[in-house]
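Note sheet for the following structure.
Residue numbers (this note's numbering): 414 to 667.
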């Protein structure tokens, strides 16, 4: 049975989408069948996988609306073993459209139920908010990866996210687990980066992935070419970091 992992943090710019597309690519290279669901109206995961957003006619919006079945929204990507349910800016409207619907928190969970067993892992790229789309993603997920930027405000808002996860566990999804906290944008030259790593490891110990994603120019360049870091520069530090993360995830779930 496939495992659904949401990549979530209501703070923007912490490396959610970068993690989502590159972890998907790394797992694909390790011969796992992956579905990436873009649940962010900014659609950066879609463009980051090399898909032209303006050409998207069906995607996450229609899946959440239940006007189509999830299988109809799946498109292949250039990344080996990775499929995608793309997003478009029209996904913004879904927050308003779902608000009056019964079981509005369960729309994504119901939609992906029929395709869960077609994949080893389904990764959901969440929006930088705790709105209804992110709530749907966390209710549908088996676990959540929380990227944490190695900078001054790293832990700001983390408590709020953990409280949200706890309330989802209590009300909607008792099985929701924290897959791990992922330290991103680490710069070993900065004392602050090292301090953040020490603080997070001290407070959350076993919840933190051993793998740390380092600041890497190639990692920042890859999305502008519509490529994952594996395709763009497989020998870069960024590619090696995400391959290590994929291996750590597989080992944890073996």
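We put the CB at the ideal spot given by N, CA and C, even for glycine.
Own chain partners of residue i with C-beta closer than 7 Å, once the 5 adjacent residues on each side are dropped
| i | result |
| --- | --- |
| residue 638 | 645 |
| residue 554 | 417, 418, 419, 537 and 589 |
| residue 549 | 477, 518, 520 and 521 |
| residue 653 | none |
| residue 428 | 560, 562, 597, 598 and 626 |
Three-state secondary structure assigned by DSSP to residue i
| i | result |
| --- | --- |
| residue 410 | Missing from the structure shown is residue 410; the chain here goes from 414 to 667 and no further. |
| residue 621 | strand |
| residue 414 | coil |
| residue 565 | coil |
| residue 648 | coil |
| residue 638 | helix |
| residue 533 | coil |
| residue 596 | strand |
| residue 653 | helix |
| residue 631 | helix |
| residue 687 | Only positions 414 to 667 of the chain appear in this structure, which leaves residue 687 out of reach. |
DSSP bridge partner residues for residue i (one or two, in chain order)
| i | result |
| --- | --- |
| residue 556 | 418 and 590 |
| residue 497 | 449 and 488 |
| residue 538 | 420 and 451 |
Same chain, Cβ closer than 8 Å to residue i, neighbours up to 5 away in sequence not counted
| i | result |
| --- | --- |
| residue 533 | 415, 416, 440, 445, 446 and 447 |
| residue 487 | 448, 496, 497, 498 and 528 |
| residue 512 | 545 |
For residue j and residue i, the rounded distance between their alpha carbons
| i | j | result |
| --- | --- | --- |
| residue 489 | residue 656 | 21 Å |
| residue 466 | residue 620 | 35 Å |
| residue 542 | residue 516 | 20 Å |
| residue 672 | residue 647 | Because residue 672 is not part of the residues shown, which for the chain are 414 to 667, the question remains open. |
| residue 525 | residue 484 | 8 Å |
Contact set for residue i: own chain, Cβ-Cβ below 6 Å, skip 5 residues either direction
| i | result |
| --- | --- |
| residue 363 | What is shown of the chain runs 414 to 667, which leaves residue 363 out entirely. |
| residue 480 | none |
| residue 633 | none |
| residue 586 | 552 |
Contact between the stretch 605-614 and the stretch 561-575: three or more CB pairs below 8 Å? Yes: at least three Cβ pairs fall under 8 Å.
For the stretch 449-461 against the stretch 570-579, do three or more pairs of beta-carbon atoms, one drawn from each stretch, fall closer than 8 Å, so that the two count as touching? Too few Cβ pairs lie closer than 8 Å, so no.
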